[in-house]
Amino acid sequence: MDDEELASALSAAVRGDPGAFAALWQAMQPAVLRYLRVIVGEAAEDVASETWLQAARDLRRFSGAPPAFRVWLFTIARNRAIDEHRRARRRPEEPSELPDREVAAVQPDVAQDVIQKADTDWALSMIATLPKDQAEAVMLRVVAGLDVAQTAQVLGKRPGAVRIAAMRGLRRLAGHAEVQARRRAGGTSLDLNSPRPEGV
Amino acid sequence: MRLRDALSHVMGGSRRRRIGSREVEQLLTADPDAAAYPGLSDLLAAAAAPPRPDELVGLPAALAAFEAAGQESPTSVAVTSRRRGFARSMVVKVAAGVAVALFGGTALAAETGNLPGSSQQHAHDLFSGLGVPPPGASPAPTDPPVTQSTVMPTPGPSAGSPSVTPGPAGAATRGLCRSWQARQQNPKKKPLQAASLQKLAAAAGGAENITAFCTALLTDDPSVTTTPGPAEVSPTPSHPGKGKAKGHSKPAPTPHKKG
Chain V
7 MDDEELASAL
17 SAAVRGDPGA
27 FAALWQAMQP
37 AVLRYLRVIV
47 GEAAEDVASE
57 TWLQAARDLR
67 RFSGAPPAFR
77 VWLFTIARNR
87 AIDEHRRARR
97 RPEEPSELPD
107 REVAAVQPDV
117 AQDVIQKADT
127 DWALSMIATL
137 PKDQAEAVML
147 RVVAGLDVAQ
157 TAQVLGKRPG
167 AVRIAAMRGL
177 RRLAGHAEVQ
187 ARRRAGGTSL
197 DLNSPRPEGV
Chain G
130 MRLRDALSHV
140 MGGSRRRRIG
150 SREVEQLLTA
160 DPDAAAYPGL
170 SDLLAAAAAP
180 PRPDELVGLP
190 AALAAFEAAG
200 QESPTSVAVT
210 SRRRGFARSM
220 VVKVAAGVAV
230 ALFGGTALAA
240 ETGNLPGSSQ
250 QHAHDLFSGL
260 GVPPPGASPA
270 PTDPPVTQST
280 VMPTPGPSAG
290 SPSVTPGPAG
300 AATRGLCRSW
310 QARQQNPKKK
320 PLQAASLQKL
330 AAAAGGAENI
340 TAFCTALLTD
350 DPSVTTTPGP
360 AEVSPTPSHP
370 GKGKAKGHSK
380 PAPTPHKKG
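First to last, the sequence lines map onto chains V and G. Residues in the first sequence are numbered consecutively from 7, following the numbering used here. Residues in the second sequence are numbered consecutively from 130, following the numbering used here.
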């Protein structure tokens, strides 16, 4: 969703239009969920729904343009994630061996989906191996589509710190054996010129 | 071996240099020049790949919260009327105070219902509008309107959602559904306009039902699918799985990555 479309959905949602809110949700939920998967793992879906509950409650009081909205939403997500970390720490040694998400439980018939899912899951799990500040910087830049200043705002850091965290994260990923190995296993035709969706 | 290859690839590679800040920016913004780091580009592309259906869960709860938040206005009305109740009891007390001055304490006693029968009746006649109870009434309910006004009848949010009608609404709705599904598969696709989304939500009996409704509509209804449907609004291929919109959408990232 580009900023213009996001802007119209945003202003309608602020006025209370549920359809517009659904459109915002649809546009932002995947990025929110992936960001959370990297920073809270299995609890991501729960934290994502807490994030949306708060956003739903407070959205009518929001004023600002789409970039500010992204910052606002990811800040909520991050705060809810921090809450979740606190809760988890308080929890007495709970066996955290939740069953792995059932792969391809939804729409199992589309093979391409499965491959793509595996790719995305793999990528997120690789990013999750980074130190947390690096992982967050990479996710907010790449998946949430925030720029340096916006990322810094969400993380409560200086832009310089965000730049460095992102750079270190990418270096570490580039040097990761699995990234290289996977790339080689992947074969030849790398469509490197393919632009990615710059977040949402 | 592979690890070694990998390492040499990264570190010793002739044309490969350490990722600098410019490269970082290229990689993070998916600049084609980032091609110098294919493994990393792929990883980042996969992390930002189009959403999958199983990531789009939870809309009903979010929508319910959104609509509930919209209904908070009655609550604020209740708050004001509670305040009004408070003001009212203040009036009683002030009046009582005045009366204390005038009648030397009888009115105060009256407010709490502690006068002998006839006097209490009299006080009630005088101050009934302000909540002085008649004789015999227990002193408690000085302020009945408060409880009444807090129980505001809240309009049911979406009590009777229309039943799912996959009927001949046909082409247009199916077009909207295609757009919805395409959009779910690929965030680069145009999202539905708010108006269309509302139409679709109405047809589905609620925005939270859209996905299920569309799945049903587009798969289970052979009678509808036979119509050529030129009226389709859908600018997107109905087969999002293969979705490959030319131009800005990324060529499917999959073929080179079986692993």
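No residue lacks a Cβ here, since even glycine has one placed at the ideal position from N, Cα and C. What you are looking at is a predicted structure, and each value in this text was computed from that prediction instead of being measured.
Could you say which of the options lies nearest to residue i if we only look at CA atoms?
i	options	result
Pro24(V)	Leu65(V), Glu48(V), Val46(V), Ala134(V)	Leu65(V)
Val185(V)	Met132(V), Asp139(V), Leu152(V)	Met132(V)
Phe75(V)	Leu16(V), Pro165(V), Arg40(V), Ala141(V)	Leu16(V)
Val77(V)	Leu176(V), Arg86(V), Ala155(V)	Ala155(V)
Thr135(V)	Gln159(V), Gly175(V), Arg147(V)	Gly175(V)
Gln140(V)	Asp127(V), Arg21(V), Gly166(V), Trp128(V)	Gly166(V)
Glu196(G)	Ala61(V), Pro73(V), Ala150(V), Pro72(V)	Ala61(V)
Gly181(V)	Gln155(G), Glu154(G), Pro167(G), Leu157(G)	Pro167(G)
Arg40(V)	Ser55(V), Val144(V), Leu130(V)	Leu130(V)
Val20(V)	Glu154(G), Cys306(G), Ala198(G), Leu305(G)	Ala198(G)
Glu51(V)	Gly304(G), Ala177(G), Val186(G), Leu346(G)	Val186(G)
Val38(V)	Ser308(G), Ala345(G), Glu184(G), Leu346(G)	Glu184(G)
Ser73(V)	Ile170(V), Arg177(V), Asp153(V), Arg63(V)	Note that residue 73(V) is Pro in the sequence shown here, rather than Ser. Minimum Cα distance to Pro73(V) is reached at Asp153(V).
Ala311(G)	Glu337(G), Cys343(G), Ala332(G)	Cys343(G)
Ala191(G)	Trp31(V), Ser14(V), Thr157(V), Val53(V)	Trp31(V)
Ala124(V)	Leu188(G), Pro189(G), Ala175(G), Arg307(G)	Ala175(G)
Ala54(V)	Gln35(V), Leu146(V), Ala71(V), Ala183(V)	Gln35(V)
Leu42(V)	Leu146(V), Pro137(V), Arg63(V), Glu10(V)	Leu146(V)
Trp128(V)	Glu10(V), Val44(V), Thr157(V), Ser14(V)	Val44(V)
Roughly how many angstroms separate the alpha carbons of residue i and residue j, rounded to a whole number?
i	j	result
Ser205(G)	Ala330(G)	Here Ser205(G) scores only 43 on pLDDT, less than 50, and its place in the model should not be relied on; the value that follows carries that caveat. The alpha-carbon atoms of Ser205(G) and Ala330(G) are separated by roughly 29 angstroms.
Ala187(V)	Leu179(V)	12 angstroms
Ile339(G)	Ala172(V)	38 angstroms
Pro179(G)	Phe80(V)	19 angstroms
His91(V)	Ala49(V)	10 angstroms
Lys379(G)	Gly334(G)	For Lys379(G), the predicted model reports a pLDDT of 40, less than 50, meaning its position is unreliable; a value from the coordinates is still stated below. Roughly 34 angstroms separates the two Cα atoms.
Asp8(V)	Leu169(G)	25 angstroms
Arg147(G)	Leu172(G)	18 angstroms
Val148(V)	Lys328(G)	33 angstroms
Pro286(G)	Gly22(V)	Because Pro286(G) sits at a pLDDT of 39, beneath the cut-off of 50, its placement in the model cannot be relied upon, and the point is left open.
Ala33(V)	Ala193(G)	18 angstroms
Asn85(V)	Ala300(G)	44 angstroms
Arg181(G)	Ala159(G)	21 angstroms
Leu157(G)	Ala177(G)	11 angstroms
Trp309(G)	Thr126(V)	22 angstroms
Ala94(V)	Gln155(G)	37 angstroms
Leu346(G)	Gln313(G)	16 angstroms
Ala341(G)	Ser325(G)	17 angstroms
Gly67(V)	Ala183(V)	Correcting the residue type first, residue 67(V) is Arg in the shown sequence and not Gly. For Arg67(V) and Ala183(V), the distance between alpha carbons rounds to 47 angstroms.
Ser14(V)	Thr157(V)	23 angstroms
Gln159(V)	Ala71(V)	15 angstroms
Arg63(V)	Pro137(V)	32 angstroms
Ala26(V)	Leu161(V)	28 angstroms
Got a sec, what are the start and stop residues for the alpha helix (DSSP H) residue i sits in?
i	result
Ser14(V)	9 to 20
Arg97(V)	Segment: none, Arg97(V) is in no alpha helix (DSSP H) and carries neither H nor E.
Val153(G)	150 to 157
Ser70(G)	Because chain G here runs from 130 to 388, residue 70(G) falls outside it and cannot be looked at.
Phe195(G)	188 to 199
Leu347(G)	339 to 348
Leu152(V)	That residue, Leu152(V), is in no alpha helix (DSSP H); it is neither H nor E in DSSP.
Asp52(V)	50 to 64
Phe68(V)	No alpha helix (DSSP H) holds Phe68(V); DSSP gives it neither H nor E.
Pro36(V)	24 to 46
Ala336(G)	Premise fails: Ala336(G) is in no alpha helix (DSSP H) and is neither H nor E.
Arg181(G)	Note, Arg181(G): premise wrong, no alpha helix (DSSP H); not H, not E.
Leu176(V)	165 to 181
Are there 16 or more other CB atoms within 10 angstroms of the CB of residue i, so buried, or fewer, so exposed?
i	result
Ser69(V)	exposed
Gln200(G)	exposed
Thr348(G)	exposed
Arg96(V)	exposed
Asp89(V)	exposed
Glu152(G)	buried
Gly149(G)	exposed
Leu12(V)	buried
Arg164(V)	exposed
Gly304(G)	buried
Pull up the CB-CB distance for residue i and residue j, whole angstroms please, since I reckon it's below 8 angstroms.
i	j	result
Ala83(V)	Thr57(V)	4 angstroms
Ala143(V)	Val168(V)	5 angstroms
Val46(V)	Ala87(V)	5 angstroms
Ala336(G)	Leu188(G)	7 angstroms
Any heavy atom of the ligand MN within a distance shorter than 6 angstroms of the CB on residue i?
i	result
Val186(G)	The model depicted lacks the ligand MN and carries no ligand whatsoever.
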